[in-house]
Amino acid sequence: MEGLTPQRVKTVVRRAVRAGLDAEALGEFLASVDWGAVEADPKVRSMLGEMEGWATAYAEGELTRAEYVARLLTLLPGTGARNGRPVKGDDDIRAVGYASAPADRS
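End of the sequence shown sits at 1368 in our numbering; the numbers just go up one at a time, nothing left out.
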C-alpha cells in the first residue's frame, strides 16, 4: 500500500467502470494490496476498505451490478471524472436512485 495514492485508486475505479463493470480487474487490484505495508495515506486506506466491502457484498449477491457501480462512482469527483461520457449501466444506476449517476439529458 506504500506509495498508493488516492489518484491511483481513482484511476483503477475509472478503468473498471468505463465499459460497465470489470469486477475481476478490481478484485485483482484489491488482492494485490499489501495491507501490512508501512503507513499509508488514511484516505487511501478508507477508499480501499470501502472497495473491499463493496466487492465482497457484490460477490456474495448482496449488491446488484448497478448498486456496486454506483458505490464505486462515489469515489470519483462528480460526473467530470467520466468527462460526461455515459457508463454502460447508467440507466440502471439512475433507477436505484444514486445521485452519482449523471442526469438524464434526453
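Where a beta carbon is used, it is the ideal one built from N, C-alpha and C, also for glycine.
Identify the continuous alpha helix (DSSP H) that holds residue i and give its terminal residues.
| i | result |
| --- | --- |
| L1283 | Neither: L1283 is in no alpha helix (DSSP H) and is coded neither H nor E. |
Quick check on residue i: buried or exposed, where buried means 16 or more other Cβ atoms within 10 Å of its Cβ?
| i | result |
| --- | --- |
| W1297 | exposed |
| A1328 | buried |
| R1270 | exposed |
| R1280 | exposed |
| K1350 | The predicted position of K1350 is uncertain, since its pLDDT is 45 and thus under 50; no value can be drawn from it. |
Does residue i come out as helix, strand or coil in the three-state DSSP assignment?
| i | result |
| --- | --- |
| P1339 | coil |
| W1316 | helix |
| V1295 | coil |
| E1324 | coil |
| A1332 | helix |
| A1302 | coil |
| L1266 | coil |
| T1273 | helix |
With a cut-off of 8 angstroms on the beta carbons, I'd call residue i and residue j a contact; round off their distance for me.
| i | j | result |
| --- | --- | --- |
| L1338 | V1275 | 6 angstroms |
| D1284 | A1293 | So it is not a contact: roughly 14 angstroms between Cβ atoms. |
| L1335 | M1313 | No, L1335 and M1313 are not in contact; Cβ-Cβ is about 12 angstroms, not under 8 angstroms. |
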